[in-house]
DNA sequence: TTTAATTTTGAATAATGAATCAATAAAAAA
DNA sequence: TTTTTTATTGATTCATTATTCAAAATTAAA
């Protein structure tokens, strides 16, 4: 009997990220994804049930990876809440530095999926958020983070800020350096707008 | 000769906001928009060149309105930077309180339009952002806002946070009150995460 | 080799829905 | 009232593209 040759599944995912980033999910054609992946159109449907499942799979892989990184971080006892917060920012930025296309797909498509999901969105997203919230709660408990913070609201505040900034960078890379954005997020998040307010 | 009866153009816009919010722009059908607006499918194409122009018109109206409100605010000499900042937050939240559907359409579609625009996105968006940046710069100049802030980055930070929070509220209205989110944004923006850091 | 099992293919299909346009309706002017 | 002009209609067209599936290709086992 015949064996599956190469990593067609992986090739399709990579091609899909590229094409979805270029055109947006809705304007992306499966035929084009297949072409870039160097497989036949039909092969996409051997590996994935339909177009949306390809997108969901992309998100699953991304959030799974980021969740695993965050899990390692959270467990470290010797690291302070401030250092952990910076490291959390780094986990996300490192992922997007690795692939701006992923950043674009996330910014443009994740929200729509979360809002109109018929399918379950990846569990790793929820798990990631949960760990992030724990991390900040730890800082509050230790008395170094502001206790006036509503964590349920704060997590969206932070995520939203990320999304817009990463998008800004991804479509405008000559103007913004990813590193300056990374540093700015760390700064704003900690110190806020107000000078000498506390 | 015949006169245009009623406000078909307005009816179509209103219906489109509703339908785009429910299904997302890409899954929304012009036939359905026409049905909700109580006009024939063809009438949509009398008032708008194509589907995308309907969406662009929605954004134009929203940002025009918010820009005009912000303009009035910025001109007030007697109001402090802090009060102005709170008022800026209120302008956006008031718009979304007025119509959660608008919030959803903005959160889901604006980014994609900005990223992949062939058409020019509404000028009022840029103008709004510009005024917002001036407002914060004023606070820095007067010595009450943190001068370490990179405004070009901060504007996206703030907008992004808005987007995610408003979206969270719009799809999850039993859990989050719009007012608590409004207050939280004002709080986080001013004080940040860090306790006694400054 | 031959057969069998499985993968890969891509042209054909089928569904979708944006956009059109010829026909009709309504109001104003003659 | 009749004519003219403009607005409205919605069934139809037509391009697009996700998905299918029968045939071809490939490899392993017999």
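Chains as they are written, first to last, in the numbering used here: chain A, 247 to 444; chain B, 247 to 444. Note that beta-carbon positions come from the ideal geometry of N, C-alpha and C, so glycine has one too. All values reported here derive from a predicted model rather than from experimental measurement.
Bridge partner(s) assigned by DSSP for residue i
| i | result |
| --- | --- |
| residue 391 of chain A | B:440 |
Where residue i sits in the DSSP three-state scheme
| i | result |
| --- | --- |
| residue 396 of chain B | coil |
| residue 307 of chain A | helix |
| residue 414 of chain A | helix |
| residue 286 of chain B | coil |
| residue 345 of chain A | coil |
| residue 299 of chain B | helix |
| residue 419 of chain B | coil |
| residue 323 of chain A | coil |
| residue 277 of chain A | helix |
| residue 374 of chain B | helix |
| residue 331 of chain B | helix |
| residue 366 of chain B | coil |
| residue 294 of chain A | coil |
Burial state of residue i (16 or more Cβ within 10 Å)
| i | result |
| --- | --- |
| residue 283 of chain B | buried |
| residue 410 of chain B | buried |
| residue 402 of chain B | buried |
| residue 430 of chain B | buried |
| residue 301 of chain B | buried |
| residue 412 of chain A | buried |
| residue 285 of chain A | buried |
| residue 456 of chain B | As shown, chain B starts at 247 and ends at 444. That puts residue 456 of chain B outside it, with no answer to give. |
| residue 421 of chain A | exposed |
| residue 438 of chain A | buried |
| residue 357 of chain B | buried |
| residue 368 of chain A | buried |
| residue 256 of chain B | exposed |
| residue 445 of chain A | This structure gives no information on residue 445 of chain A, because the portion of chain A shown stretches from 247 to 444. |
| residue 269 of chain B | exposed |
| residue 279 of chain B | buried |
| residue 452 of chain B | Past the boundaries of the shown model lies residue 452 of chain B; chain B is included only from 247 to 444, so the question cannot be answered. |
| residue 288 of chain A | exposed |
| residue 363 of chain B | exposed |
| residue 264 of chain A | buried |
| residue 406 of chain A | buried |
For residue i, the first and last residue of its enclosing alpha helix (DSSP H)
| i | result |
| --- | --- |
| residue 254 of chain A | 254 to 269 |
| residue 361 of chain B | 357 to 362 |
Distance cut-off 7 Å: residue i Cβ against heavy atoms of the ligand NAD
| i | result |
| --- | --- |
| residue 317 of chain A | No copy of the ligand NAD appears in this structure; indeed no ligand is present at all. |
Would the segment 343 to 354 of chain B and the segment 416 to 432 of chain B be scored as touching if the rule is three or more Cβ pairs under 8 Å? As far as the Cβ criterion goes, the segment 343 to 354 of chain B touches the segment 416 to 432 of chain B, which means the pair count is three or higher.
Answer yes if the segment 374 to 386 of chain B comes into contact with the segment 290 to 301 of chain B, meaning at least three C-beta pairs across the two stretches below 8 Å, and no otherwise. no
With contact counted as at least three CB pairs below 8 Å, one residue from each stretch, are the segment 332 to 344 of chain B and the segment 386 to 402 of chain B in contact? no
Check whether the segment 263 to 283 of chain B touches the segment 421 to 439 of chain A, counting contact only when three or more Cβ pairs, one atom from each stretch, lie closer than 8 Å. no
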